[in-house]
Amino acid sequence: DWFYHRSIWMDLTGDGRLSILAARAQFPLLQGNNGAKEEGGSLGKGQLVWLECPKPHSYDSTTGTPLDVDQTLFDPFSARNTPWKLRCVMGVYVSILSICLLKTNKSLCY
12 DWFYHRSIWM
22 DLTGDGRLSI
32 LAARAQFPLL
42 QGNNGAKEEG
52 GSLGKGQLVW
62 LECPKPHSYD
72 STTGTPLDVD
82 QTLFDPFSAR
92 NTPWKLRCVM
102 GVYVSILSIC
112 LLKTNKSLCY
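For what it's worth, this note's numbering labels the leading residue of the sequence shown as 12, then goes sequentially.
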């Protein structure tokens with residue numbers, strides 16, 4: 012199982028939707044693995060992932076309000092719009108998210 016330990020809300024597509032950029036990891040702690048290579052253990056693995064916020068079906072022509080398929084208010088967290096699309100940005104664990112947070116140019120993160 013994965014655990015998520017760092018995340019940031021960002022517009023990764025330039026369309027105004029805030030998606031989640033997150034670092035996640037696996038570490039088999041419950042299987043007697045303390046992660047120390049010198050003791051014969053193996054290290055856990057990690058990824059930098061992008062959880063893409065779903066797009067609304069349409070927008071109200073007068074107010075610009077995002078709408079769902081049935082013309083009700085679009086809610087990206089409702090059951091009909093989940094789960095969000097998961098994309099692996101980087102498959103090798105590094106603390107890249109911390110580096111991205113320090114950058115002023117967000118395009119360096121995706």
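All residues carry an ideal CB built from backbone N, CA and C; glycine is no exception.
Check: Nearest to residue 96 by alpha carbon, out of 36, 17, 66, 85?
Finding: Locating residue 96 in the sequence shown gives position 85, counting from the first residue. Just measuring C-alpha positions, the residue of 36, 17, 66, 85 sitting nearest residue 96 is 66.
Check: Excluding sequence positions up to five away, which residues of its chain have a Cβ less than 7 Å from the Cβ of residue 71?
Finding: Along the sequence shown, one-based indexing puts residue 71 at 60. Excluding residues within five positions, the ones whose Cβ falls inside 7 Å are 78.
Item checked: Contacts around residue 29, its chain only, beta-carbon distance under 8 Å, and the 5 residues preceding and following it disregarded -> The residue you call residue 29 lines up with position 18 of the sequence shown. For residue 29, where only same-chain residues beyond five positions count, the Cβ hits under 8 Å are 20, 21, 22, 64.
Check: Roughly how far, in whole angstroms, is the beta-carbon of residue 59 from the beta-carbon of residue 34, given that I think they are within contact range, below 8 Å?
Finding: Stepping through the sequence shown from its first residue, residue 59 is reached at position 48. Stepping through the sequence shown from its first residue, residue 34 is reached at position 23. Rounded to whole angstroms, the Cβ separation of residue 59 and residue 34 is 6 Å, and the two are in contact under 8 Å.
Checklist line | Limits of the unbroken beta strand (DSSP E) element including residue 60 | finding: As a working note, residue 60 is residue 49 in the sequence shown. In this chain, the beta strand (DSSP E) harbouring residue 60 covers 56-63.
Notebook entry, point to check: So what does DSSP say about residue 28, is it helix, strand or coil?
Noted result: Residue numbering aside, residue 28 sits at position 17 when the sequence shown is read from its first letter. In the structure shown, residue 28 sits in coil (DSSP, three-state: anything other than H, G, I, E or B).
Next item on the list: Could you pull the start and end residues of the beta strand (DSSP E) that residue 97 belongs to?
Entry: Taking the sequence shown and counting its residues from 1, one reaches residue 97 at position 86. Per DSSP, residue 97 belongs to the beta strand (DSSP E) from 96-101.
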